[in-house]
Amino acid sequence: MDRDQDRIDTFSRRAFVVGGIQGLLLTTLVGRLGWLQISQSQRYRMLAENNRINVKLVAPPRGLIIDRMGKLLAINDQNFRLVIIPEQTAKLDDTLRRLQKHIDLSEKDIERLKKQSKKNTPFFPLEVRENLDWETVSRIEVNLPDLPGVAIDVGEVRSYPMAQATAHILGYVGAVSKGEDNIDPLLKMPGFKIGKTGLEKTYDLELRGKAGTSEVEVNVVGREVRELRRTSPSAGKTLQLTIDAELQAFTQARLLEQRSASAVVMDARSGELYALSSSPSFNPNEFAKGIPADLWEQLLADPGLPLNNKAVGGSYPPGSTFKMITALAGLEAGIINENTVVFCPGHYQLGNARFHCWKRGGHGTVNVVRALAESCDTYFYKMAVDLGINRISEMARRFGLGQRLDVELPEERAGLMPTTQWKRQTMADKVWHPGESIVCSIGQGYVQATPLQLAVMTARLVNGGYAVKPWLTGYVGDVPTHDQPWEKIGVKSKHLELIMKGMDRVVNYPGGTALGSRITDEGMGMGGKTGTSQVKRITADERARGVKQEDLPWKFRHHGLFVGYAPVDNPRYVCAVVVEHGGGGSAVAAPIARDLLLQAQKLNPRSRGLRPVSKNEQPAESFPPRKPKNLSGEG
Amino acid sequence: MALSFDIHTDQTLKQKIINLNWGLMALITLIAVIGFVALYSAAAGNLEPWASKQMIRFGVFLVMMIAIALIDIRFWYKISYPLFGIGFVLLVIVEFMGQIGMGAQRWINLGFIQIQPSELMKVAMVMALARYFHSARLDDMRRLSFLLLPALMVLLPVGLVLLQPNLGTATIMVVNGATLLFIAGAPIWLYLLGGAALVALVPLVWHFYMHDYQKQRVLTFLDPESDPLGAGYHITQSKIALGSGGFDGRGFLQGTQSKLNFLPEKQTDFIFTLWAEEWGLLGGAFLLLLFGLVFVYCAWIAFRCRHAYGRFLVFGLMVNFSLYMFINVAMVMGLIPVVGIPLPLVSYGGTAMMACMIGFGLIMSASVHRDSRLAKF
């Protein structure tokens with residue numbers, strides 16, 4: 001019994017030790033639980049929320065672009081995507097095979113999808129095909145019961161109803177490139193498109209809108225359990241353009257007859273652009289959907305440069321269309337007046353150098369009006385020597401040449417208006433030679449201008465001397481872009497009238513270089529100036545042999561240019577046309593300009609459209625307000 | 001003393017039922033009910049697939065437990081060795097079947113329930129050890145030759161379990177056996193020596209025995225942040241769940257970590273996390289308190305036993321039960337590496353609950369028959 005008692009005592013002692021250890025362990029556990037749940041609670045609560053809540057962005061619809069009449073130029077089309085959700089189909093392979101009956105699906109596609117399905121979580125929809133046409137969509141919808149896991153998903157794709165006709169104005173959208181990422185989280189969304197060229201690029205921020213958010217509760221594999229909160233995205237702003245879609249389409253079609261040409265139709269007083277075309281063009285809808293590589297190569301290889309907006313980005317020697325500037329510079333400088341005459345023997349001699357007039361026999365005695373009307377080179381050669389390049393250049397700048405005019409297109413170029421200083425700074429041969437002034441005086445040599453600049457130059461010449469600038473966008477959302485009057489340039493009206501008289505005669509009087517393109521419709525007559533700019537120097541040998549333009553390879557032929565305005569007695573519309581390697585301006589460019597100005601006057605975009613999109617149908621009374629004050633707007 | 005000695009020796013069934021430990025049974029049921037609530041929540045407010053099954057099982061095992069409790073302790077005493085033998089044979093069979101035909105299966109299918117022999121072995125081992133120490137004198141305990149047999153009783157099944165390999169169960173069996181030897185009076189220096197040997201063994205075990213995933217678990221335990229999406233994921237997510245529960249919890253059915261499956265194995269090994277996420281420190285501490293009360297209750301029963309068999313059996317089973325609980329809860333709190341040990345009575349699963357309820361049946365049997373006379377030989 002004693003021994004038994006010993007055992008019991010031992011048991012009791014040691015059991016207490018074990019019990020003590022257990023108690024200690026239990027206390028530790030409770031302490032640990034308390035530490036986790038009280039002092040660390042905040043931190044872990046936050047981690048749990050991070051685990052559980054995913055903030056997703058909801059893409060806003062991109063802003064529309066409409067013409068001055070409200071016609072849709074850039075819209076968001078429904079993009080029907082065919083997706084397959086692997087977890088909803090028993091056998092992915094079977095479903096894909098069955099899908100082959102309805103759409104063209106290669107083995108490669110099937111392999112790709114199977115590979116993707118292994119990489120992603122099974123509820124993640126895989127895109128089989130996008131941009132389905134309506135017929136395919138309906139065929140698949142009908143067969144959906146046979147196609148478990150297949151679904152049609154609707155997204156948005158940018159679409160341009162006028163396709164080629166507005167491609168260069170609107171530009172196109174594309175996927176965000178590396179390096180373009182900025183702070184806007186929208187850009188990180190898969191499939192998000194931003195403006196790449198044209199107005200789409202310039203107004204990308206306005207068109208883009210603001211992202212909405214959707215807070216969703218997700219489980220451990222990322223499956224969405226429910227939506228907790230949602231803020232709606234705000235759509236991008238609508239752009240209303242000054243462009244008249246009808247005139248734009250007409251212009252584009254008219255240019256299509258040439259291998260490579262561009263044209264601008266503008267309001268002489270307000271600077272509104274009614275049409276701005278560059279041909280050949282491209283179909284931006286193919287860009288929005290992802291362009292096939294071969295088509296892209298083809299566009300890049302085309303000598304007509306369909307991807308370039310030549311109306312704002314093409315620089316050409318303006319040729320004789322520049323003569324108004326030289327004449328005006330001479331008039332303003334007092335070197336000539338309306339009575340100054342020059343005898344043209346068909347060339348001009350400066351030292352040893354002989355400068356030819358385009359008319360081999362010469363024009364005889366000409367004054368400034370006739371010099372413009374018949375485009376006598378000799379008259380300007382002589383004047384240029386007295387004027388010097390800097391005064392010509394100064395006048396050209398005042399009329400918009402040699403500088404960017406801040407049109408809303410990123411492709412705009414500045415052209416070039418040389419000065420002695422410019423040559424000193426950029427050329428190896430730093431000295432400016434008088435012969436160079438002679439060449440520049442007729443818009444050749446270093447002088448480079450874009451069709452847009454030529455249109456602006458013409459507008460400034462015929463609108464009474466106001467420094468209009470071109471613009472494409474009338475409204476961004478409900479806010480008008482222009483509401484200030486233009487400044488006066490400060491040249492004498494007398495001189496401008498003289499220039500306009502010359503331009504009138506170019507078209508409307510016998511001997512004028514564009515007499516063949518005269519508009520005979522009552523009250524719609526145009527004035528203008530032809531230009532033919534040399535691409536390649538004409539050698540003495542060629543001159544002697546009388547080589548015809550048609551015999552030269554296309555790329556060596558002259559550019560044909562024309563700047564014009566109408567109506568001739570009360571200028572409202574101006575127009576500039578450049579036909580690349582088209583030959584003489586009077587032959588190819590003037591007829592186009594005639595058609596454009598005639599069409600512009602018939603459509604008369606000035607009197608219609610351009611109103612706030614979301615407001616009433618009435619044209620805004622004070623619009624376009626940005627026009628010179630002392631020129632009363634007429635109907 | 002002699003007068004009171006026979007009071008409970010020959011009881012009628014009615015007396016036995018009255019003498020059942022209703023308080024202990026209430027504690028066990030309360031813990032199990034917490035399990036039901038947690039499983040109901042784990043299934044996002046559904047009885048299916050876990051809570052209902054668990055309730056049925058608990059009902060069945062409760063009846064079984066009472067039946068075991070009513071059977072005379074002398075019967076259990078007698079079949080202690082045979083049971084141990086059967087358990088050992090089962091373990092061998094499963095080990096070989098597992099290796100030959102069925103991959104890593106460690107259980108036997110009895111139709112309504114799948115049994116892991118290793119779970120039953122833990123109970124049988126305690127019974128056999130108690131049986132062995134019942135007749136031991138204190139002097140015997142000082143002799144190493146006397147301790148050889150019980151050591152084998154522990155180490156042979158542990159060896160088989162290790163072969164499976166099931167480190168968690170093996171650890172529990174070793175600690176459980178060692179504790180029994182300790183309270184039976186084994187010399188202290190043996191434990192000091194054993195502790196030293198263990199320290200020496202650690203590098204060997206690390207190199208030659210442990211699987212890569214087990215090593216990974218230990219490494220991640222030491223630095224869970226190092227691998228937040230891999231092996232450290234379980235610990236990290238469990239701590240997030242516990243911590244976000246706060247003092248009063250996120251509310252019934254409101255635990256986001258478990259609802260959204262961030263919490264792995266939420267219905268089995270991590271059930272405590274789920275409970276404490278939704279019911280907070282209040283709920284978690286309450287559950288731990290219930291476990292503590294069960295331990296105290298069992299210890300009290302052990303002290304009241306008049307026979308050594310009962311004392312060792314009860315205490316041994318209680319330690320076994322507590323080891324499960326300590327290891328599981330310490331694991332989900334990130335105090336020890338992840339081991340696949342369920343929380344007894346709470347975690348979903350049949351075998352563990354059955355082993356547990358058999359254990360409590362035996363404990364109650366010892367309690368009901370605490371005054372039985374057991375031969376000492």
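Top line first, the protein sequences correspond to chains A and B. Sequential numbering from 1 applies to the first sequence in the working numbering. Sequential numbering from 1 applies to the second sequence in the working numbering. Note that CB positions come from ideal geometry on N, CA and C, so glycine has one too. Keep in mind the model is a prediction, meaning the values are calculated, not measured.
Check, Outcome
"Chain B contact for GLN5 of chain A (CB, 8 Å cutoff)", "no"
"Test item: CB-CB of ASN76 of chain A and ARG158 of chain A under 8 Å", "yes"
"Under 8 Å between C-beta atoms of GLY249 of chain B and TRP279 of chain B", "yes"
"Touch test, the stretch 228 to 242 of chain A against the stretch 63 to 75 of chain A, Cβ-Cβ under 8 Å, three pairs minimum", "yes"
"Under 7 Å by beta carbon: chain A residues contacting VAL175 of chain B", "Correct list: empty, because the minimum Cβ distance to chain A is about 11 Å."
"Strand pairing of MET266 of chain A, partner residues [DSSP]", "A:LEU273 and A:VAL574"
"Own chain partners of ILE358 of chain B with C-beta closer than 6 Å, once the 5 adjacent residues on each side are dropped", "VAL123"
"Test: ARG311 of chain B CB closer than 8 Å to a CB of chain A", "yes"
"Beta carbon of GLY560 of chain A nearer than 8 Å to that of GLY582 of chain A", "yes"
"Where GLU217 of chain A meets chain B, residues with beta-carbon distance less than 8 Å", "THR256 and LEU260"
"Exposure label - ASN508 of chain A; buried when at least 16 CB within 10 Å", "buried"
"Three-state secondary structure assigned by DSSP to ALA326 of chain B", "The residue asked about is misnamed: residue 326 of chain B is Phe in this sequence, not Ala. The answer is helix: DSSP assigns PHE326 of chain B an H, G or I state."
"Backbone CA spacing between GLY19 of chain A and ILE66 of chain B [nearest angstrom]", "26 Å"
"Per-residue burial, SER118 of chain B [other beta carbons within 10 Å of its own, 16 or more giving buried]", "buried"
"Contacting residues, own chain, Cβ-Cβ under 6 Å from ILE243 of chain A (five flanking each side not counted)", "ASP67"
"Proximal residues, the stretch 28 to 59 of chain A versus chain B, C-beta separation under 7 Å", "LEU29, VAL30, ARG32, LEU33, GLY34, LEU36, GLN37, ILE38, GLN40, SER41, ARG43, TYR44, ARG45, LEU47, ALA48, ASN51 and ARG52"
"Beta-carbon neighbours of GLY20 of chain A, restricted to chain B and to distances below 9 Å", "Within chain B, no residue comes near GLY20 of chain A; the closest Cβ sits about 11 Å away, beyond 9 Å."
"Neighbourhood of LYS71 of chain A by C-beta, 7 Å cutoff - its chain only, sequence neighbours within 5 removed", "ALA245"
"Local conformation of TYR160 of chain A per DSSP, three classes", "coil"
"Alpha-carbon to alpha-carbon, VAL368 of chain B and ALA308 of chain B", "15 Å"
"Cβ-based burial, ILE383 of chain B [other Cβ within 10 Å; buried from 16]", "The structure shown does not extend to residue 383 of chain B, since chain B is modelled only from 1 through 377, so no value can be given for it."
"Extent of the continuous alpha helix (DSSP H) run through ASP93 of chain A", "92 to 99"
"Under 8 Å between C-beta atoms of SER260 of chain A and GLU580 of chain A", "yes"
"Straight-line gap, LEU24 of chain B to PHE262 of chain B (C-alpha atoms, nearest Å)", "35 Å"
"Range covered by the alpha helix (DSSP H) that runs through THR251 of chain A", "245 to 255"
"Burial state of MET324 of chain A, where buried means 16 or more other Cβ atoms lie within 10 Å", "buried"
"Distance CB(GLY314 of chain A)-CB(THR530 of chain A) smaller than 8 Å", "no"
"Residue-level contact to chain B via CB, LYS124 of chain A, 8 Å cutoff", "Per the sequence shown, residue 124 of chain A should be read as Phe rather than Lys. Not closer than 8 Å to any Cβ of chain B, the Cβ of PHE124 of chain A fails to qualify, so no."
"Residue span of the beta strand (DSSP E) that contains ARG608 of chain A, given as start and end", "Where ARG608 of chain A is concerned, there is no enclosing beta strand (DSSP E), given that its DSSP letter is neither H nor E."
"Closest by C-alpha distance to HIS102 of chain A, when choosing among A:PHE399, A:LYS430 and A:SER138", "A:SER138"
"THR458 of chain A and VAL574 of chain A closer than 8 Å at C-beta", "yes"
"Close-in-space but distant-in-sequence residues of the same chain around VAL332 of chain B (CB under 6 Å, 5 per side omitted)", "SER238, PHE270, PHE272 and THR273"
"Where GLY364 of chain A sits in the DSSP three-state scheme", "strand"
"Reduced DSSP secondary structure (H/G/I, E/B, other) of LEU20 of chain B", "coil"
"DSSP state of LYS430 of chain A mapped onto helix, strand, coil", "coil"
"C-beta neighbour in chain B for THR10 of chain A, strict 8 Å", "yes"
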